[in-house]
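Each remark here refers to the structure printed beneath this line.
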């Protein structure tokens, strides 16, 4: 079974929509990188049971992203914030080169800090 | 039945998680501002049926927000972007007052444009 690395991201957004058992199994598989056999031993279910549970959870996560599109939306926001941070850094460099207003420096730092904290 | 104005916002985020019938009824009630009686006449169900359908849909939407918290997250992002836009405008004013580097003006405009387009 090939690991779909996107699932780990979907789990961050939509994990609360899974059952506790599904979430546990998917987290062990994707975030802790355990094998199906290790998860089976750990959860007292068969290897096939683990595989089925993961497949069902993946289907739920992919369906949620298709309906709600939050990972896509947050990635667009991240791209915008990266651009804002670059622009602010450029303003900072220009400001240093020509005079260096302290007020501009302060505002540039605030933009970078706020954009960075949204991006976390 | 008091209208919960928050529902309209939740509908924007999570509408795709409702059944088509629930979504129709809730949209008529919250977005088109029809009365229960008008929706009942329009959908050929009883007024009580409309009310029950809206109540169920509201419960689904509120549960989704409690699990996923997207409206809360997006509001935090919006607050951050509003702050970034204010900072960029201040930089623009300082830049005009002291010299007025065209490169800084261009970057300030880009920040305001990018932050505004994320905020839409």
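Chains as they are written, first to last, in our numbering: chain A, 3 to 122; chain B, 3 to 122.
Quick reminder that beta carbons are idealized off the backbone N, C-alpha and C, glycines included.
Inter-residue distance for residue 89 of chain A and residue 102 of chain A is about 16 Å (C-alpha atoms, whole angstroms). Comparing alpha carbon positions, the residue from B:107, B:92, B:105, B:104 closest to residue 104 of chain A is B:92.
Interface annotation for the region 85-113 of chain B against chain A: 85, 86, 89, 90, 92, 93, 96, 97, 100, 101, 103, 105, 106, 109, 110, 112, 113, criterion Cβ-Cβ distance under 8 Å.
If you check the CB distance, residue 70 of chain A and residue 117 of chain A do not come in under 8 Å. Rounded to the nearest whole angstrom, the C-alpha separation of residue 112 of chain A and residue 11 of chain A is 29 Å. With contacts defined by Cβ atoms closer than 8 Å, residue 47 of chain A and residue 30 of chain A do not form a contacting pair. Residue 44 of chain A carries a helical assignment under DSSP once its states are collapsed to helix, strand and coil. Spatial neighbours of residue 121 of chain A in its own chain (CB-CB distance under 7 Å, excluding positions within 5 residues in sequence) are listed in chain order as 80, 83. Nearest to residue 66 of chain B by alpha-carbon distance, out of A:44, A:36, A:18, A:87, is A:18. Interface annotation for the region 4-17 of chain B against chain A: 15, 16, criterion Cβ-Cβ distance under 8 Å. At a cut-off of 8 Å between C-beta atoms, residue 56 of chain B does not count as an interface residue with respect to chain A. Cβ proximity to chain A below 7 Å picks out 69, 70, 72, 79, 82, 85, 86 from the region 58-86 of chain B. Contacts with chain A at 8 Å (Cβ-Cβ) do not include residue 28 of chain B. Distance from residue 52 of chain B to residue 27 of chain B at the Cβ level is roughly 6 Å; contact confirmed, criterion being Cβ atoms closer than 8 Å. Membership of residue 107 of chain B in the alpha helix (DSSP H) is indicated by the continuous run 104-121. As the crow flies, the alpha-carbon of residue 55 of chain A is around 42 Å from that of residue 114 of chain A. Cβ atoms of residue 63 of chain B and residue 7 of chain B stay farther apart than 8 Å, at about 13 Å. Taking a C-beta distance under 8 Å as the contact criterion, residue 49 of chain B and residue 59 of chain B do not qualify as a contact pair.
Of all residues in the region 33-53 of chain B, none comes within less than 7 Å of chain A when Cβ atoms are compared. A residue is called buried when at least 16 other Cβ atoms come within 10 angstroms of its Cβ; residue 108 of chain A does not meet this threshold and is exposed.
Looking from the CA of residue 86 of chain A, the closest CA among A:24, A:106, A:76, A:110 belongs to A:110.
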